[in-house]
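Notes to accompany the following structure.
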Amino acid sequence: MRFDRLTGEWVAVAAHRQSRTYLPPADQCPLCPSVGGRESEIPVEDFHVVAFENRFPSLGPELGELPSPQGATGRELWGSASSAYGRCEVVVYTPEHEGSFASLPFERARTVVEAWAQRTEALSAMKGIRHVFPFENRGEQIGVTLHHPHGQIYAYPYAAPTAARLAERSRAYLDATGRPLMGELLRDETDAGDRMVLAGDHFSAYVPYAARWPLEVHLVPHRQAPDLAA
Ligand SMILES: [Zn+2]
Numbered sequence: 002m003r004f005d006r007l008t009g010e011w012v013a014v015a016a017h018r019q020s021r022t023y024l025p026p027a028d029q030c031p032l033c034p035s036v037g038g039r040e041s042e043i044p045v046e047d048f049h050v051v052a053f054e055n056r057f058p059s060l061g062p063e064l065g066e067l068p069s070p071q072g073a074t075g076r077e078l079w080g081s082a083s084s085a086y087g088r089c090e091v092v093v094y095t096p097e098h099e100g101s102f103a104s105l106p107f108e109r110a111r112t113v114v115e116a117w118a119q120r121t122e123a124l125s126a127m128k129g130i131r132h133v134f135p136f137e138n139r140g141e142q143i144g145v146t147l148h149h150p151h152g153q154i155y156a157y158p159y160a161a162p163t164a165a166r167l168a169e170r171s172r173a174y175l176d177a178t179g180r181p182l183m184g185e186l187l188r189d190e191t192d193a194g195d196r197m198v199l200a201g202d203h204f205s206a207y208v209p210y211a212a213r214w215p216l217e218v219h220l221v222p223h224r225q226a227p228d229l230a231a
């Protein structure tokens with residue numbers, strides 16, 4: 002982990018390519034169950050959902066506190082570096098090689114959500130962890146190297162910049178008004194209506210007013226909660 006003096010951000014730098022598995026044929030998929038004498042990364046013949054530490058992690062498995070980038074003179078030092086503390090986990094959604102999160106039956110999708118919540122709670126409790134981020138990159142265009150339906154969880158030793166900014170804005174709004182910013186946005190989008198994609202019983206989804214991507218949807222719980230575990 003290197004400290005960038007220009008942006009004030011920590012950057013995880015991969016020193017080598019780690020010989021990671023790259024687009025293997027289906028019969029050599031490391032995320033399929035171990036059947037017929039073939040050992041995959043998952044040593045059981047069947048499962049609903051599996052979470053395990055990434056064999057090729059950007060962060061961890063060492064845990065700890067990042068050092069202050071301030072040197073003895075109070076100046077930020079070029080050359081401030083640290084072990085890449087944290088955790089990287091893989092969440093496999095299904096034993097089926099084909100499909101996606103969206104093609105899971107409701108009960109199985111729920112099991113994956115339970116796994117995200119449980120791992121968020123467990124990882125958040127680990128030494129030095131400041132931000133737990135479950136995510137999925139999907140498609141070769143964004144660099145996915147395994148097609149089996151799966152996502153990842155990164156547990157960072159700092160709050161990633163966008164999350165830190167959201168937390169800062171939400172705190173300031175709460176202090177000023179006594180109300181949660183995300184709940185206010187959801188109320189305003191629901192009232193306006195023209196960007197609503199889904200109005201559900203417990204969650205609703207909308208295209209944000211200041212969207213940054215050609216396709217962007219925010220899925221927001223009606224009950225405001227700090228994280229997936231809550
Ligand atoms: Zn597979």
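For any residue, its number in the numbering used here is found by taking its place in the sequence shown, counting from 1, and adding 1.
Every residue gets a Cβ at the ideal spot worked out from N, C-alpha and C, and that includes glycine.
Quick caveat: nothing in here was measured; it's all calculated off a predicted structure.
Any C-beta of chain B under 8 Å from that of residue i
i: Ser59; result: Among the chains of the structure shown, chain B does not appear; only one protein chain is present.
Where residue i sits in the DSSP three-state scheme
i: Ala85; result: coil
i: Gln142; result: helix
i: Pro26; result: coil
i: Ala52; result: strand
i: Leu67; result: coil
i: Leu182; result: helix
i: Ser104; result: helix
i: Ala193; result: helix
i: Leu199; result: strand
C-beta atoms of residue i and residue j nearer than 8 Å
i: Trp124; j: Ala156; result: Note that residue 124 corresponds to Leu in the displayed sequence, not to Trp. In contact: Leu124 and Ala156 (Cβ atoms closer than 8 Å).
i: Pro181; j: His203; result: no
i: Leu229; j: Ala118; result: yes
i: His132; j: Leu32; result: no
i: Tyr207; j: Glu185; result: no
i: His151; j: Tyr86; result: no
i: Arg56; j: Thr146; result: no
i: Ser83; j: Pro68; result: yes
i: Ser205; j: Leu216; result: no
i: Thr8; j: Val50; result: no
i: Arg120; j: Ala226; result: no
i: Arg6; j: Val14; result: no
i: Gly129; j: Gly65; result: yes
i: Cys30; j: Glu54; result: no
i: Phe102; j: Glu137; result: yes
i: Gln153; j: Val218; result: no
i: Ile158; j: Pro96; result: Residue identity differs from the one stated: residue 158 is Pro in this sequence, not Ile. No, Cβ-Cβ distance for Pro158 and Pro96 is not below 8 Å.
Check: residue i C-beta below 7 Å from any heavy atom of ligand 1
i: Leu32; result: yes
i: His149; result: yes
i: His98; result: yes
Enclosing alpha helix (DSSP H) for residue i [first to last residue]
i: Ser125; result: 107-125
i: Leu60; result: No alpha helix (DSSP H) holds Leu60; DSSP gives it neither H nor E.
Start-to-end residues for the beta strand (DSSP E) that takes in residue i
i: Arg3; result: 3-5
i: Pro222; result: 219-222
i: Tyr157; result: 151-157
i: Ala309; result: Because the chain is modelled from 2 through 231, residue 309 falls outside the range shown and cannot be assessed.
i: Tyr174; result: Counting along the chain, Tyr174 falls outside any beta strand (DSSP E), though it belongs to the alpha helix (DSSP H) covering 162-178.
i: Trp214; result: Here Trp214 belongs to no beta strand (DSSP E), and DSSP marks it neither H nor E.
i: His132; result: 132-136
i: Glu10; result: 10-12
i: Ser205; result: 204-207
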